[in-house]
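Student:
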Amino acid sequence: MSSSKVQTSTSTGTSDASSSSMAARLAISWAVVGVPLAYGIYETVKKTAALFTG
Amino acid sequence: MSALSFLDRERSVAGPGYSRWLVPPAALAIHLCIGQVYAFSVFKNPLVAKFDTTDTAIAIVFSIAIVMLGLSAAFGGKWMERNGPRKAMFLSAVCFSAGLLIGSVGIATEQLWLLYLGYGVVGGIGLGIGYISPVSTLIKWFPDRPGLATGMAIMGFGGGAFIASALSAELLQAYTSLPADQLPIDALVPAFVTLGLGYLVFMMFGVFTVRVPPEGWRPDGWSPQANADNKMMTSASVSADNALKTRQFWFLWIVLFCNVTAGIGILEQASPMIQDFFPDEVTPASAAGFVGLLSLFNMGGRFIWSSTSDYIGRKPTYMIYLGVGAVLFFFLATAGNSSVLVFVLLACVIISFYGGGFATVPAYLKDMFGTFQVGAIHGRLLTAWSAAGVAGPLIVNVITESQRDGGATGAAAYRPSLLVMVGLLVIGFIANALVRPVSDKHHEETTVESGRRETAAVGSAGKEGPR
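Structure follows, in structure tokens:
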């Protein structure tokens with residue numbers, strides 16, 4: 000994903016720090032939307048099971 | 000309004016180190032919320048009981064919201080392009096949340112018109128602006144894979160219905176003090192307030208996360224020249240007003256209309272249809288499971304097919320949706336009653352094409368008209384969705400009823416309407432085949448100039464601090 004970032008001209012140390020901070024931000028952001036979506040899909044899959052058992 | 004200046008487009012330009020992969024979650028934060036509208040039916044029976052009115056009077060709430068979605072997407076697109084995604088997402092969040100809160104006042108005071116005004120009109124504006132708000136930005140961040148990017152966001156609209164359906168049922172159960180055999184009418188107000196406030200917070204995550212790329216930004220290793228050989232991908236710009244003057248826009252309108260009409264025709268009748276096809280094998284409970292399975296394929300198709308279109312091209316992708324779709328519809332009409340498995344498989348693939356059609360169209364518009372005002376053009380194209388929302392159920396219901404009046408039963412009653420859908424898909428297939436690159440006369444005169452500006456701006460991109 001590094002190629003997708005807006006380029007900077009900061010020093011390597013700052014770049015590493017901002018890189019790990021961005022990785023954490025990415026993980027949190029995807030979790031914020033991924034967890035509710037997974038919950039919704041799980042509940043729907045449970046309902047869908049009735050097609051094969053009902 | 001200076002307190003809200005952080006919403007301005009120029010204040011939402013990405014700073015150094017910002018990853019474009021933060022934009023899809025920002026878009027999903029909006030679409031996962033506004034997808035709630037497709038789970039409105041969870042509230043239908045309690046609302047009918049609360050207002051002591053008819054099913055139709057409550058169904059109108061949903062209809063108003065969908066009409067307002069289409070109107071606000073069509074007329075709000077240019078405003079959105081001028082003001083940027085952050086302001087548009089903010090407006091969407093405020094309207095959608097306010098719609099639920101005003102609706103809760105209407106329920107508490109038993110004023111049905113307030114529910115129409117709140118959830119229907121105000122909330123519907125939030126739906127339309129929210130639906131188109133991230134599209135243009137995603138395409139600008141992912142010029143190399145626009146289908147993947149818009150597929151992720153528009154998949155969220157389907158996923159939002161799953162979340163809201165389960166969450167709303169949980170909220171009604173948690174807030175009611177009535178026995179389980181009674182409708183939870185006392186839980187409607189707190190459920191609407193909880194959803195209104197909860198969605199506001201969740202959508203604000205999208206507002207604060209989204210960024211527009213610095214002028215001239217492009218992914219490493221990609222340049223607009225990468226698509227120079229592909230005549231079906233323009234590097235020019237066509238304005239929203241000029242797009243309406245092109246044949247391409249109206250061919251794509253027909254394509255979307257035909258694809259959505261056919262899909263809605265099945266979705267709207269899914270439960271009774273499978274029970275009528277297999278009266279001895281399918282129970283109401285398993286029919287509900289079939290509806291759930293279709294919604295999973297609807298959502299999955301949005302992501303998978305739209306992503307695939309980045310590799311095989313938009314026009315061939317719609318050839319599959321419409322051409323293969325027509326063949327599958329024909330088999331559904333003529334051999335769908337041979338076994339439950341065949342029926343379910345055919346319907347699932349057809350519905351995945353339906354979802355894919357929604358998700359792929361922004362990238363198709365970008366290919367035809369460029370990124371300049373693609374969000375506004377997309378908003379105007381969505382009027383095809385509104386029209387199909389009326390035509391699809393009407394075709395199936397009217398034809399099937401007339402067949403039943405003539406004595407047809409089971410699968411035979413549905414056959415003519417399914418064959419009409421085959422005809423519609425063939426019309427869509429022809430319209431798609433007629434799509435050609437847009438004539439130069441519709442291109443913005445400033446395209447070359449802005450291209451120069453973009454090139455010059457590359458060196459200064461990313462100089463603003465992180466926000």
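Each protein sequence line maps, in turn, to chains A and B. Taken in order, the first sequence gives residues 0 to 53; the numbers are from numbering that gives the first Met the number 0. Taken in order, the second sequence gives residues 0 to 466; the numbers are from numbering that gives the first Met the number 0. C-beta atoms are modelled at their ideal positions from N, C-alpha and C, and glycine is treated no differently.
For chain B, find out if any of its Cβ atoms is closer than 8 angstroms to the Cβ of Ala49/A; answer yes or no.
Tutor: Stepping through the first sequence from its first residue, residue 49/A is reached at position 50. Judged by the 8 angstroms Cβ criterion, Ala49/A is in contact with chain B.
Student: Just to confirm before moving on: does the CB-CB distance between Ala160/B and Asp275/B stay below 8 angstroms?
Tutor: By 1-based counting over the second sequence, the position of residue 160/B is 161. By 1-based counting over the second sequence, the position of residue 275/B is 276. Not a contact, by the Cβ cut-off of 8 angstroms.
Student: Mind checking which residues open and close the alpha helix (DSSP H) that includes Gln172/B?
Tutor: Taking the second sequence and counting its residues from 1, one reaches residue 172/B at position 173. Its alpha helix (DSSP H) spans residues Pro145 to Tyr174.
Student: What does the alpha-carbon distance come out to for the pair Leu327/B and Gly117/B?
Tutor: By 1-based counting over the second sequence, the position of residue 327/B is 328. By 1-based counting over the second sequence, the position of residue 117/B is 118. So the alpha carbons of these two residues sit roughly 41 angstroms apart.
Student: How big is the Cα-Cα spacing for Gly369/B and Pro415/B?
Tutor: As a working mapping, residue 369/B is identified with position 370 in the second sequence. As a working mapping, residue 415/B is identified with position 416 in the second sequence. If I take the Cα positions, the gap works out to 40 angstroms.
Student: Checking 8 angstroms against the spacing of the C-beta atoms, do Gly98/B and Gly122/B come in under that value?
Tutor: Residue 98/B sits at position 99 when you count from the first residue of the second sequence. Residue 122/B sits at position 123 when you count from the first residue of the second sequence. Contact flag set, yes.
Student: Counting C-beta neighbours from all protein chains within 10 Å, is the total for Trp405/B 16 or more, i.e. buried, or is it exposed?
Tutor: Locating residue 405/B in the second sequence gives position 406, where the first residue counts as 1. It should be noted that the sequence gives Gly, not Trp, for residue 405/B. Label assigned to Gly405/B: exposed.
Student: Applying the 10 Å Cβ sphere with the 16-neighbour rule, what's the burial state of Val34/A?
Tutor: As a working note, residue 34/A is residue 35 in the first sequence. When all chains shown are included, Val34/A counts as exposed.
Student: Would Pro415/B count as contacting chain A if we go by Cβ distances under 8 angstroms?
Tutor: Stepping through the second sequence from its first residue, residue 415/B is reached at position 416. So, not an interface residue.
Student: Classify Val200/B as buried or exposed, calling it buried when 16 or more other Cβ atoms lie within 10 Å of its own Cβ.
Tutor: Indexing the second sequence from 1 puts residue 200/B at position 201. By the neighbour-count rule (16 or more Cβ atoms within 10 Å), Val200/B is not buried but exposed.
Student: Indicate whether at least one CB of chain A lies closer than 8 angstroms to the CB of Gly288/B.
Tutor: The residue given as residue 288/B occupies position 289 in the second sequence. Yes, because at least one Cβ of chain A sits closer than 8 angstroms to the Cβ of Gly288/B.
Student: Around the C-beta of Asp228/B, are 16 or more other C-beta atoms found within 10 angstroms, so that it is buried, or is it exposed?
Tutor: Position 229 of the second sequence, counted from the first residue, corresponds to residue 228/B. When all chains shown are included, Asp228/B counts as exposed.
Student: So which residues on chain A does Thr208/B lean against when the C-beta distance must stay under 8 angstroms?
Tutor: Within the second sequence, numbered from 1, the residue matching residue 208/B stands at position 209. Within 8 angstroms Cβ-Cβ: Ser28.
Student: In chain A, which residues lie with their C-beta within 7 angstroms of the C-beta of Ile349/B?
Tutor: Stepping through the second sequence from its first residue, residue 349/B is reached at position 350. The contacting residues do not exist; Ile349/B stays about 16 angstroms from chain A at best.
Student: Within the same chain, show all residues whose beta-carbon is closer than 7 angstroms to that of Lys244/B, passing over the 5 residues directly before and after it, in chain order.
Tutor: The residue you call residue 244/B lines up with position 245 of the second sequence. The residues are His441.
Student: Provide the residue(s) that pair with Val12/B in DSSP beta bridges, ordered along the chain.
Tutor: Against the second sequence, residue 12/B aligns to sequence position 13. Note: Val12/B sits in a beta bridge opposite Val211/B.
Student: Gly129/B versus chain A: which residues are under 9 angstroms apart at the beta carbon?
Tutor: Within the second sequence, the letter at position 130 stands for residue 129/B. Correct list: empty, because the minimum Cβ distance to chain A is about 14 angstroms.
Student: With 8 angstroms set as the bound, which would you pick, yes or no: does the beta-carbon of Tyr37/B sit closer than that to a beta-carbon of chain A?
Tutor: Position 38 of the second sequence holds residue 37/B. So, not an interface residue.
Student: Counting only runs that start and end within the stretch 97-129 of chain B, where is the beta strand (DSSP E) found for 3 or more residues in a row?
Tutor: None, since the stretch 97-129 of chain B contains no complete beta strand (DSSP E) of that length.
Student: So Ser305/B contacts chain A; which residues on that side make the cut at Cβ distance below 9 angstroms?
Tutor: Numbered from 1 along the second sequence, position 306 holds the residue referred to as residue 305/B. Chain A residues near Ser305/B: none, gap ~17 angstroms exceeds 9 angstroms.
Student: Taking the straight line between their C-alpha atoms, what separation do you get for Ser20/A and Trp20/B?
Tutor: The residue given as residue 20/A occupies position 21 in the first sequence. The residue given as residue 20/B occupies position 21 in the second sequence. If you take the alpha carbons of Ser20/A and Trp20/B, they lie about 14 angstroms apart.
Student: Name, please, each residue of chain B whose Cβ falls closer than 7 angstroms to the Cβ of Val32/A.
Tutor: Stepping through the first sequence from its first residue, residue 32/A is reached at position 33. Within chain B, the residues near Val32/A are Pro24, Leu27, Ala28 and Leu31.
Student: Quick one: is Met0/A near chain B, going by C-beta distance under 8 angstroms?
Tutor: For this step, residue 0/A is matched to residue 1 along the first sequence. Its pLDDT being 40, under 50, Met0/A is placed unreliably in this model, and the coordinates cannot settle the point.
Student: With burial defined as no fewer than 16 other Cβ atoms inside 10 Å of the residue's Cβ, what is the status of Lys45/A: buried or exposed?
Tutor: Indexing the first sequence from 1 puts residue 45/A at position 46. So Lys45/A counts as exposed.
Student: To which residues of the same chain is Phe204/B closer than 6 angstroms at the C-beta, ignoring the five residues directly before and after it?
Tutor: Counting from 1 along the second sequence, the entry for residue 204/B is found at position 205. Taken in chain order, the residues that qualify are Ala28.
Student: Spatial neighbours of Gly374/B within its chain, please: C-beta separation below 7 angstroms, excluding the five flanking residues on both sides.
Tutor: Working through the second sequence from its first residue, we reach residue 374/B at position 375. Here the set comprises Gly76, Met79, Glu80, Ile131, Val134 and Ser135.
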